[in-house]
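Chains as they are written, first to last, in my numbering: chain A, 4 to 142; chain B, 444 to 1226.
So the structure is just underneath, and the comments pick up after that.
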Amino acid sequence: MNTLIFRTVAPFLTALMILFSVFVLLRGHNEPGGGFIGGLIAASAFAIYGIAYGVAAVRRAIIVHPMSIAGAGLLLAVVSGLVSVFAGVPFMTGLWIYPSLFGVEVPLATVMSFDVGVYLVVVGAITSIALALEEREED
Amino acid sequence: MTLLCLFLPFIAAAFAPLATRHLQHNAAWLLALAPAFSFVYFAGSLPEIAAGEVVTGGYAWVPSLNLSFSWFIDGLSLTFALLITGIGTLIVLYAGGYMKGHPQQGRFFSFILLFMGAMLGLVLSDSFLMLFVYWELTSITSFLLIGFDHQREAARRSALQALVITGGGGLFLLAGLIFLWNITGVTQLSLLVHMGDALRASPFYLATLLLVLGGCFTKSAQFPFHAWLPNAMEAPTPVSAYLHSATMVKAGVYLLMRLNPALGQTAAWEILLPFFGGITLIVGTFLSLRQTDLKLMLAYTTMASLGLLVMLTGFDSEHSVAAAVLYLVAHSLFKGALFMVAGIIDHEAGTRDATKLGGLAKAMPITFAAALLAALSMGGLPLFFGFLAKEEIYYALAAGDLRSILFTLVAIIGNGLMFAIAFAVGLKPFIGKAVKTPKHAHEGPVLLWLGPAVLALLGLTGGILSGVAHRFISTPMATAVKGVPTEVTISTIPHLGIALALSVVTVAFGVVVYLLIDRARALMVRVLDAIGPGPDKAFDAILAGLVRLSVCVTRITQPGRMEVYVTATFIILAATLLVPPILYGELPAMPAMPSDVLMHEWAFFGLALIGILAVLTAKNRLTAIAALGIQGFAVAVIFLLFGAPDLSFTQFMVETLSVVILALVMTRLRLAPSDHRPMGQMLLDGAIAIACGTGFALMLMKSTQNAFNNSLTDFFNAYSKVIAHGANVVNVIIVDFRGTDTLGEIAVVMITGLAILALIRIRAGGPLKPADNDPDRTGGHAR
């Protein structure tokens, strides 16, 4: 996969896909999208980068091991579910706050952080599988 | 306060290694304070219990299931508690001397104290669950103690055998307790003992009884479950003296006694208990005659004594319970003492082979005195506590009918042989010509002889002051066992009568055997050799058979070939999909061809079909994978056209990633680039694939032909925006309405990822070798 075109396009493609995956993640509550599909898009982005530049480059780029991303996501999802316990409502009850940023009301919810958790788990798990498979013994 | 006593041994166990590190063997004095404290506390409640009161207490544990952590102290549990803490105190001190200088002495103290806590909990438990937990805990601590010297093969085998037999028996007990709970509806022993009539009338009585007996007989080493007890002598002597004579093995007898008011007084009880008890008594004494090792001789007589106790518990005559109670206490005292004596001889003379010992009296006067006193009690001679027990046994058994005569005969033979063994252990090594022993024999330190001396003296004082002993120990205990007030009055002054006459016969028989013991031993060896292998060998054979069976099952179900797994999975899938609709006539009706299919819809169907055809005709695997992707994309577009954008979106991404990952796996596994299955195999696999596909299509058609239940759809459509503030119903379901499901799913994704990573790593590092557990090759060291 060392064609010049692919190697030139890959970084831009990866960046765009990751941006798009975040967009898909955030719009998921009202439009088609969500954490799972967003995670898959991001994982494909890393896979493309890996095919173009090798696994080591991807590992350098994401700094931590992809499995720790997945672990962090799972932790975030559990914590999002547990927040409701402190509010005295059952586990996994969605809680909403409406802070005002620059005059715009932004609804934030534990549901959203939960979805971010899903996103991170999917990115982390799929990326680590793909990277491990791409890796050769000599890498 | 009782709660503190229940947990004190565990607390002491936690500090034992630390204390031993600083104080070496003298830590025994400190650690013995824990059981001594409990002993004093329990002794303080003697007058109260003797007056007929019962101490109860506890905490609700799971109130909804009627489970509690509760204790209850009556005459029976108090006597056991006193034996456990009293003998326990002496054993800790004895272990201080016996294990002196052993590098793992702290651990040993810890195990012994753990056991003590478990045993104490067992006899004080009121609730079934607590009883069972402590019951199994005694099995586990016994395992740890028997296998204490874990570098020896024999110790490991014995420990495992004891755990398998007593732990397996524990499972029987658990089932029995559940039966008891279901029949009576109570979960507390103190309530259960009043439920005897309901239990005896239940159709499940016999099953319950057999299950409970399964637990009790294994724990108390009744024939044919006795093999583990002599093997348990692999443990250091303090363990043998404490667990395998004075306390743990009596747990089964304890439970039988405890349940006597509830389960007793039926034909089954009065046949099974005396029968197995009698056999155990006879087998135990005969086997003990054969032995030359002091500890093994004692171990087999312990088994015999347990048989005698079980026999008496089930015999149900006027004096039988009193006899069992007296004998239980007497046995704990003299057998504990004799075991410790055997340990001292081993420790100071270097051997415990009865044929290589003699004339030790001059070298070890205190040990000799203790041994002789204990042997006199075991022999059942006047003035000693053992005499009371033996008289009461004959009062209980002697009567005119055939059953009584038979069991009296059994008791005479058993007691006579035990008399002989008592003196073979307690007298013979000390008298006669001094024999050269491996070590130069001399008296042990105070830590060693204190225990046996105290126990032996107690056996004497208990006999002389029989009135006091009866008032505080025997009478309350017998009352608890019988369930009705029972007075024990036997005294150590011999009264002329049938019992005394039988005692004289017993002693005479015992003396004869003692004098001819070498000949009797030779005779037993010949007889046993003629009989052949016993339950001990059977245990090995059963275990080996179990291993072979599991190897066979594993070979069949886990052959390690991917093809077999995949084929089996898909055949079962096809069968599940196809067989029920055909059997029950639930096949879908052939749908009418829709007339309004648009051009572009036809195009995507065609694309999916082309993809499939390309997979089938592809020359190599890479092409096939890519072609499968085409089919997947076509399906994704179809989802999109029919109004499922989320699903379609996900399908696109999943297809993309599948193709990438499959291609990567292929290069990684270095598969042959193309498929080389023989024709027959291809036809078979093709048939399975078509069956699966057909089945799935039929199921989908059938489910679309039924009317949909729209209540969920309506609910989600109505409330998604209102309650959960989200317009995308699918996503709201995933992250909010069914968020807990999603949490489980992402956990699965994560774990799957980890598992795949591990698989890839193994592949990269070459095949892993299974751990080498063969003790012969690794020298028995944990690695």
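Quick reminder that beta carbons are idealized off the backbone N, C-alpha and C, glycines included.
- The beta-carbon separation of L136 of chain A and R1113 of chain B, rounded to 13 Å, does not stay under the 8 Å limit for a contact.
- Rounded to the nearest angstrom, the Cβ distance from G37 of chain A to I1073 of chain B is 26 Å, too far for a contact under 8 Å.
- The C-beta of Q665 of chain B has 16 or more other C-beta atoms within 10 Å across all chains shown, which makes the residue buried.
- By the Cβ rule, the segment 759-775 of chain B does not count as touching the segment 800-814 of chain B, because fewer than three pairs are nearer than 8 Å.
- For M1193 of chain B, the neighbours in chain A by C-beta distance under 9 Å run, in chain order, M70, A73, G74, G76, L77, V124, G127, A128.
- Non-local C-beta neighbours of A48 of chain A in its own chain, meaning closer than 6 Å and more than five positions away in sequence, comprise T17, M20, I21, ordered along the chain.
- Around the beta carbon of G1049 of chain B, a 10 Å sphere encloses fewer than 16 other beta carbons of the protein chains shown; the residue is thus reported as exposed.
- Per DSSP, the continuous alpha helix (DSSP H) segment holding F1047 of chain B begins and ends at 1042-1060.
- Apart from sequence neighbours up to five positions away, the residues of its chain that approach L510 of chain B with a beta-carbon distance below 7 Å are W504, S570, L572, T630, ordered along the chain.
- Between the alpha carbons of I132 of chain A and M70 of chain A lies a distance of about 9 Å.
- Listed as beta-bridge partners of T499 of chain B by DSSP are B:F515.
- Within the segment 695-723 of chain B, complete alpha helix (DSSP H) segments of at least 4 residues are not found at all.
- Counting along the chain, A965 of chain B sits inside the alpha helix (DSSP H) bounded by residues 960-974.
- With contacts defined as CB atoms closer than 8 Å, I941 of chain B and A832 of chain B fail to qualify as a contacting pair.
- When the five nearest sequence neighbours on each side are left out, the beta carbons in the same chain lying within less than 6 Å of the beta carbon of M821 of chain B are those of F777, G829, A865, in order along the chain.
- For the segment 34-46 of chain A, the set of residues with a beta-carbon nearer than 8 Å to any beta-carbon of chain B comprises E34, P35, G36, G37, G38, F39, I40, L43, I44, A46, in chain order.
- Secondary structure note for H637 of chain B: it is in no alpha helix (DSSP H), with a DSSP letter that is neither H nor E.
- Proximity of T1183 of chain B to chain A, defined by a Cβ-Cβ separation below 8 Å, is satisfied.
- Under the 8 Å criterion on CB atoms, H687 of chain B is classed as non-interfacial with respect to chain A.
- Counting C-beta atoms within 10 angstroms of its own C-beta, L508 of chain B has fewer than 16 neighbours from the protein chains shown and is therefore classed as exposed.
- About 7 Å separates the beta carbon of L716 of chain B from that of M754 of chain B, a gap short enough to meet the 8 Å contact definition.
- Residue environment: Q1001 of chain B is assigned as exposed (fewer than 16 neighbouring CB atoms within 10 Å of its CB, all protein chains considered).
- Per the C-alpha coordinates, the member of B:F450, B:A1087, B:F1047 positioned closest to F1076 of chain B is B:F1047.
- Residues of chain B with a Cβ closer than 8 Å to the Cβ of L136 of chain A are, in chain order, I1104, L1107, V1108, R1111, I1203.
- Between V696 of chain B and L749 of chain B, the C-beta gap is smaller than 8 Å, which places the two residues in contact.
- Comparing alpha-carbon positions, the option among B:I516, B:T463, B:P490 lying closest to A923 of chain B turns out to be B:I516.
- Using a CB distance cut-off of 8 Å, I21 of chain A does not count as an interface residue toward chain B.
- Rounded to the nearest angstrom, the gap between the Cα atoms of V121 of chain A and P35 of chain A is 16 Å.
- The alpha-carbon separation between L706 of chain B and R643 of chain B amounts to approximately 7 Å.
- According to the DSSP assignment, Y577 of chain B belongs to the alpha helix (DSSP H) that extends over 571-589.
- The Cβ-Cβ distance between A1134 of chain B and L1030 of chain B does not fall below 8 Å.
- Along the segment 1063-1089 of chain B, going in chain order, the ones with a CB nearer than 7 Å to a CB of chain A are P1088, D1089.
- With the criterion set as a beta carbon lying under 8 Å from some beta carbon of chain A, the members of the segment 1170-1181 of chain B are A1170, N1171, V1173, N1174, V1175, I1177, V1178, D1179, in sequence order.
- According to DSSP, residue pairing for D796 of chain B in a beta bridge involves B:D736.
- A distance below 8 Å separates the beta carbons of Q604 of chain B and F982 of chain B.
- For V58 of chain A, the enclosing alpha helix (DSSP H) starts and ends at 58-65.
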